[in-house]
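What follows is a single structure, written as structure tokens, with notes after it.
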Amino acid sequence: MRTPAGKECQYFYADYYRGRNHQECRLLGDASPALKWEPALCETCPAPEIQLANACQHMLLIPRLDRPFPFLRRQVRVSTSCPHSGRSDFDPHIGCGKCHELPFTLSGDVIEQDPAG
Ligand code: SF4
0 MRTPAGKECQ
10 YFYADYYRGR
20 NHQECRLLGD
30 ASPALKWEPA
40 LCETCPAPEI
50 QLANACQHML
60 LIPRLDRPFP
70 FLRRQVRVST
80 SCPHSGRSDF
90 DPHIGCGKCH
100 ELPFTLSGDV
110 IEQDPAG
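If you're matching positions, the sequence shown starts at 0 in numbering that gives the first Met the number 0 and goes up one per residue.
Set out below in structure tokens:
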């Protein structure tokens with residue numbers, strides 16, 4: 000669904016049916032302990048760009064709310080974890096590398112490619 004900031008996000012849920020006006024962020028709401036969401040958090044949240052860059056269904060985003068400076072608004076920050084590979088704290092835009100390994104190996108300055116593929 001499209002967030003109040005105008006970006007598509009799989010974690011955003013809204014119900015406007017028959018006059019309802021319910022909005023929630025299921026990334027923050029499902030955190031343990033749950034984090035309080037407000038629409039302004041979507042403006043600087045990295046999750047929509049991460050979803051565009053990496054569609055891995057195994058990767059978990061672990062949210063936290065940080066205030067970059069004492070006088071600024073809180074912002075969503077995420078760390079990563081993958082229960083499939085057991086790896087954590089990798090770049091969520093790239094992924095942990097287990098499911099999408101490169102089709103060639105690097106040795107020194109030479110790139111060795113598979114002649115068949
Ligand atoms: S805060 Fe981030 S994860 Fe939550 S709905 Fe907004 S953009 Fe999506």
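Each residue gets a CB set at the ideal place from its N, CA and C atoms; glycine is no exception.
Discussion item. With distance defined between alpha-carbon atoms, name the residue in 18, 80 and 25 nearest to residue 0.
Written reply: By 1-based counting over the sequence shown, the position of residue 0 is 1. Ranking the options by Cα distance to residue 0, first place goes to 25.
Discussion item. Do residue 30 and residue 62 count as a contact pair if the criterion is CB distance below 7 Å?
Written reply: Here residue 62 corresponds to residue number 63 of the sequence shown, with the count starting at 1. Here residue 30 corresponds to residue number 31 of the sequence shown, with the count starting at 1. In this structure, residue 30 lies closer than 7 Å to residue 62 by Cβ.
Worksheet entry | Straight-line gap, residue 94 to residue 77 (C-alpha atoms, nearest Å) | As a first step, residue 94 must be located in the sequence shown, where it is residue number 95. As a first step, residue 77 must be located in the sequence shown, where it is residue number 78. Here the alpha carbon of residue 94 sits roughly 13 Å from the alpha carbon of residue 77.
Fill in: C-beta contact flag for residue 79 and residue 68 at 7 Å
Counted from its first residue, the sequence shown places residue 79 at position 80. Counted from its first residue, the sequence shown places residue 68 at position 69. Cβ distance not < 7 Å, so residue 79 and residue 68 don't count as in contact.
Worksheet item: Any heavy atom of the ligand SF4 closer than 6 Å to the Cβ of residue 47?
Response: Here residue 47 refers to the residue found at position 48 when the sequence shown is read from its first residue. Yes.
Discussion item. Assuming the contact rule is C-beta atoms closer than 8 Å, residue 75 and residue 45 should be a hit. Round their C-beta distance to whole Å, please.
Written reply: Residue numbering aside, residue 75 sits at position 76 when the sequence shown is read from its first letter. Residue numbering aside, residue 45 sits at position 46 when the sequence shown is read from its first letter. So it is a contact: roughly 7 Å between Cβ atoms.
Item to complete: Just confirm the distance between the C-beta atoms of residue 50 and residue 9, as a whole number of angstroms; I'd bet it's less than 8 Å.
Response: The residue given as residue 50 occupies position 51 in the sequence shown. The residue given as residue 9 occupies position 10 in the sequence shown. The pair is a contact, with the Cβ atoms about 6 Å apart (cut-off 8 Å).
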